[in-house]
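Residue numbers (this note's numbering): 577 to 657.
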Amino acid sequence: MEPTGRVYSSDLRKLTEEQKLERGAKAVGVTLEEWTALSPPDSTLLRVAAQKKNVYARGYTVAGWRRLPMAEKFAALKVEN
């Protein structure tokens with residue numbers, strides 16, 4: 577059996593740091609590079625904004641929000657504040 581190239585945690589129930597980053601980036605609809613470049617307050621802001629109820633409140637669908645470029649997401653958040 578060949579190795580898959582994935583890095584697993586010693587406790588298989590826990591996610592590795594790479595998996596956490598990938599899931600976080602996918603949840604808000606940005607690339608992994610963009611996600612890792614964000615400051616902690618900005619990543620929290622995007623994570624909260626990507627929640628279903630908050631996306632619908634801004635007049636977007638979830639899929640539409642994920643397709644928006646990151647600059648447009650921040651622009652939509654600044655218009656609200």
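Here a beta-carbon is modelled for each residue, glycine too, at the ideal position from N, C-alpha and C.
Rounded to the nearest angstrom, the Cβ distance from Thr612 to Leu597 is 6 Å, consistent with a contact under 8 Å.
Asp587 carries a coil assignment under DSSP once its states are collapsed to helix, strand and coil. By the criterion of a C-beta distance shorter than 8 Å, Lys628 is surrounded in its chain by Val638, once the five residues flanking it on both sides are discounted.
DSSP places Tyr632 in the helix class (H, G or I) of the three-state scheme.
Taking C-alpha positions only, Leu653 is separated from Leu614 by approximately 15 Å. In the assembly as shown, Leu588 is an exposed residue. Its beta-carbon has fewer than 16 other beta-carbons within 10 Å. In the DSSP annotation of this structure, the continuous segment of the alpha helix (DSSP H) that includes Ser619 starts and ends at Pro616 to Ala625.
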